[in-house]
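Here's the structure we're looking at; comments come further down.
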Amino acid sequence: MEFVAPTVNAAAPSTSATRYRGLFSHGAGWGTSEPSVRQPIAGTGTMTLEDAVPTLSGTPGAGKSYALTLMENGGATAVTTTISDSETTDTFAGLPFTLTEGAEYSWRCVPSGTPTSRDIRIAIKLKSTNAIGSVMAGDTAAYAGAGSVTYIAPMGLSAHGAAAADGYALCPGDGAASRLFVEVGTAPGGTDTVTVALYVNGSATGLSVTITGTATTGSDTATSPINLAPGDLVCFRVTTSATAAGARLKLGWMWTPDADGEYPWMLRTTGVSTAVAEFAQVAGSTAATTTPAVQSSLATTLTRVYADLVAAPGVGKSYVIAADIAGSGSGTATVTVADAATTASVTGLSTSVASGHTIYARLTPSGTPTDPSVARIGFMSYIAPAGAVVTNWRLPLLGVG
Numbered sequence: 587m588e589f590v591a592p593t594v595n596a597a598a599p600s601t602s603a604t605r606y607r608g609l610f611s612h613g614a615g616w617g618t619s620e621p622s623v624r625q626p627i628a629g630t631g632t633m634t635l636e637d638a639v640p641t642l643s644g645t646p647g648a649g650k651s652y653a654l655t656l657m658e659n660g661g662a663t664a665v666t667t668t669i670s671d672s673e674t675t676d677t678f679a680g681l682p683f684t685l686t687e688g689a690e691y692s693w694r695c696v697p698s699g700t701p702t703s704r705d706i707r708i709a710i711k712l713k714s715t716n717a718i719g720s721v722m723a724g725d726t727a728a729y730a731g732a733g734s735v736t737y738i739a740p741m742g743l744s745a746h747g748a749a750a751a752d753g754y755a756l757c758p759g760d761g762a763a764s765r766l767f768v769e770v771g772t773a774p775g776g777t778d779t780v781t782v783a784l785y786v787n788g789s790a791t792g793l794s795v796t797i798t799g800t801a802t803t804g805s806d807t808a809t810s811p812i813n814l815a816p817g818d819l820v821c822f823r824v825t826t827s828a829t830a831a832g833a834r835l836k837l838g839w840m841w842t843p844d845a846d847g848e849y850p851w852m853l854r855t856t857g858v859s860t861a862v863a864e865f866a867q868v869a870g871s872t873a874a875t876t877t878p879a880v881q882s883s884l885a886t887t888l889t890r891v892y893a894d895l896v897a898a899p900g901v902g903k904s905y906v907i908a909a910d911i912a913g914s915g916s917g918t919a920t921v922t923v924a925d926a927a928t929t930a931s932v933t934g935l936s937t938s939v940a941s942g943h944t945i946y947a948r949l950t951p952s953g954t955p956t957d958p959s960v961a962r963i964g965f966m967s968y969i970a971p972a973g974a975v976v977t978n979w980r981l982p983l984l985g986v987g
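To get my numbering, take the position in the sequence shown, counting from 1, and add 586.
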């Protein structure tokens with residue numbers, strides 16, 4: 587199975603010092619500490635990073651450059667490229683690259699010659715020989731400590747809080763979750779514990795990891811896969827014992843789709859305007875902004891969109907939610923949540939995203955709708971399995987409401 591994860595968020599690194607980003611991060615900017623941004627991966631069989639495409643928002647400038655390298659457990663790999671002078675992209679050497687379950691990965695960026703400050707996006711395509719499993723990854727800047735419960739989103743840099751609604755993302759397709767790997771930035775200490783459990787539609791599932799004492803990592807590869815359905819609200823619940831300190835938490839888990847080739851992009855966005863169109867990433871957890879939160883992608887197809895608002899728009903009012911591809915402006919892969927509804931979906935799509943295309947979510951209000959507080963959006967991306975013949979059989983099978 588091959589799948590595409592949209593880029594790390596379009597943020598500018600330092601022009602004078604080395605910076606790092608997680609392999610899947612969809613949130614805040616490049617960080618100074620590599621260990622704090624690494625993301626663990628989960629999966630079975632042979633997993634490879636098949637392709638990676640870096641894109642700068644402009645050129646570094648004559649005699650200047652940005653060098654990008656994939657890091658594994660803190661060490662540099664042979665996956666590297668340098669974008670220099672008048673270039674805005676380049677090809678990574680060292681691909682395909684075999685990934686190891688439980689290992690942690692990040693991107694390193696080293697500027698040379700004080701290049702012009704540019705946003706940097708890296709879209710990736712991964713492959714599993716099992717043809718069923720793909721990796722999801724998330725992290726949070728800090729979870730609450732000392733006898734608390736915190737909920738974090740399952741994908742990207744996570745907003746988090748004391749209620750499940752603070753972490754929920756929306757699942758856009760049928761599949762299952764399994765093989766959870768967790769790392770905490772600070773060990774619980776003594777006999778204290780940090781427990782991370784998959785939380786679906788208001789209930790904790792059996793997919794769970796407990797980290798105790800001086801340990802900082804843990805995994806659950808034994809629990810049977812947890813079935814997920816379109817429209818399910820999904821997050822992770824973090825429970826700490828009485829004196830455990832709060833710390834950064836990173837996790838990786840495996841998504842197994844019912845239909846080979848599907849991979850969910852899950853977005854949770856806050857601060858949605860009731861008056862003007864706003865934008866957010868297509869994956870991750872961020873606040874909506876009036877400036878497009880551009881990501882980029884490798885070639886894939888969007889087949890469905892699901893949307894969930896915390897509050898209904900109201901009679902005669904609506905939100906139109908769409909994926910804007912390559913700055914299309916009007917949006918494609920579109921769904922409308924209107925009147926008394928809080929959810930909507932559209933299936934049976936075949937919206938192409940070309941390699942290197944920019945992509946972002948657009949939320950357009952009509953009639954001054956009620957402030958939804960939070961919008962959760964799920965896009966399903968799809969790459970036809972090798973040797974597959976794509977026909978309209980996908981439409982009735984995947985037309986789940």
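Note that the Cβ used here is the ideal one computed from N, Cα and C, for glycine as well.
Beta-carbon proximity list for residue i, same chain, < 6 Å, skipping 5 on both sides
{"i": "residue 768", "result": "782, 795, 804 and 837"}
{"i": "residue 624", "result": "690 and 692"}
{"i": "residue 653", "result": "668 and 696"}
{"i": "residue 960", "result": "856 and 896"}
{"i": "residue 800", "result": "773"}
{"i": "residue 937", "result": "888, 918 and 919"}
{"i": "residue 719", "result": "In this predicted model, residue 719 has a pLDDT of only 46, less than 50, meaning its place in the structure is not dependable enough to derive any value."}
{"i": "residue 925", "result": "901"}
{"i": "residue 791", "result": "784 and 812"}
{"i": "residue 789", "result": "none"}
Selected residue, minimal CA-CA separation from residue i, among the options
{"i": "residue 793", "options": "810, 944 and 799", "result": "810"}
{"i": "residue 616", "options": "694, 635, 668 and 931", "result": "694"}
{"i": "residue 906", "options": "935, 963 and 685", "result": "963"}
{"i": "residue 740", "options": "633, 734 and 626", "result": "626"}
{"i": "residue 958", "options": "812, 658, 866 and 894", "result": "894"}
{"i": "residue 704", "options": "832, 789, 640 and 830", "result": "640"}
{"i": "residue 589", "options": "847, 831 and 791", "result": "847"}
{"i": "residue 912", "options": "826, 686, 939 and 787", "result": "939"}
{"i": "residue 701", "options": "854, 686 and 673", "result": "673"}
{"i": "residue 635", "options": "649, 663, 955 and 676", "result": "663"}
{"i": "residue 787", "options": "830, 771 and 813", "result": "813"}
{"i": "residue 780", "options": "733, 706 and 688", "result": "733"}
{"i": "residue 1001", "options": "802, 687, 825 and 771", "result": "No answer is possible for residue 1001: it lies beyond the span of the chain, which begins at 587 and ends at 987."}
{"i": "residue 956", "options": "904, 600, 645 and 930", "result": "904"}
{"i": "residue 862", "options": "953, 706 and 967", "result": "953"}
{"i": "residue 802", "options": "621, 864 and 784", "result": "621"}
{"i": "residue 575", "options": "876, 860, 823 and 598", "result": "Residue 575 lies beyond the range of the chain shown here (587 to 987); nothing can be said about it."}
{"i": "residue 929", "options": "891, 798 and 684", "result": "891"}
{"i": "residue 770", "options": "784, 790, 797 and 749", "result": "797"}
{"i": "residue 644", "options": "935, 597, 687 and 686", "result": "597"}
{"i": "residue 935", "options": "923, 967 and 927", "result": "967"}
{"i": "residue 731", "options": "807, 686, 815 and 834", "result": "834"}
Sequence-distant residues of its chain with Cβ nearer than 8 Å to residue i (five each side left out)
{"i": "residue 638", "result": "656, 665, 678, 681, 708, 709, 710 and 711"}
{"i": "residue 675", "result": "639, 640, 641, 642, 669 and 942"}
{"i": "residue 860", "result": "951, 954, 955, 956 and 957"}
{"i": "residue 776", "result": "799 and 829"}
Outcome for residue i when other beta-carbon atoms lying within 10 angstroms are tallied against a minimum of 16
{"i": "residue 602", "result": "exposed"}
{"i": "residue 608", "result": "buried"}
{"i": "residue 828", "result": "exposed"}
{"i": "residue 778", "result": "buried"}
{"i": "residue 868", "result": "buried"}
{"i": "residue 933", "result": "buried"}
{"i": "residue 910", "result": "buried"}
{"i": "residue 921", "result": "buried"}
{"i": "residue 736", "result": "buried"}
{"i": "residue 619", "result": "exposed"}
{"i": "residue 761", "result": "buried"}
{"i": "residue 870", "result": "buried"}
{"i": "residue 832", "result": "buried"}
{"i": "residue 671", "result": "exposed"}
{"i": "residue 830", "result": "buried"}
{"i": "residue 931", "result": "buried"}
{"i": "residue 759", "result": "buried"}
{"i": "residue 651", "result": "buried"}
{"i": "residue 649", "result": "exposed"}
Rounded Cβ spacing between residue i and residue j (contact assumed at less than 8 Å)
{"i": "residue 851", "j": "residue 965", "result": "4 Å"}
{"i": "residue 633", "j": "residue 714", "result": "5 Å"}
{"i": "residue 853", "j": "residue 873", "result": "Wrong, their Cβ atoms sit about 12 Å apart, outside the cutoff."}
{"i": "residue 706", "j": "residue 599", "result": "6 Å"}
Beta-carbon contacts of residue i that lie in its chain and below 7 Å, excluding the five residues immediately before and after
{"i": "residue 969", "result": "588, 589, 590, 847 and 886"}
{"i": "residue 717", "result": "Note that residue 717 scores a pLDDT of 40, beneath 50, so its modelled location is shaky and nothing firm can be said."}
{"i": "residue 659", "result": "689 and 690"}
{"i": "residue 864", "result": "858, 874, 875, 876 and 949"}
Residue-level contact to chain B via CB, residue i, 9 Å cutoff
{"i": "residue 813", "result": "Reference to chain B is not applicable here, since this structure consists of a single protein chain."}
Any non-hydrogen atom of the ligand SAH within 8 Å of residue i CB
{"i": "residue 923", "result": "This structure lacks the ligand SAH, and indeed carries no ligand of any kind."}
* With a cut-off of 8 Å, do at least 3 Cβ pairs link the region 814-829 to the region 746-756? -> yes
* Between the region 891-900 and the region 763-779, do three or more beta carbon pairs fall short of 8 Å? -> no
* Between the region 944-955 and the region 878-889, do at least 3 Cβ pairs fall closer than 8 Å? -> yes
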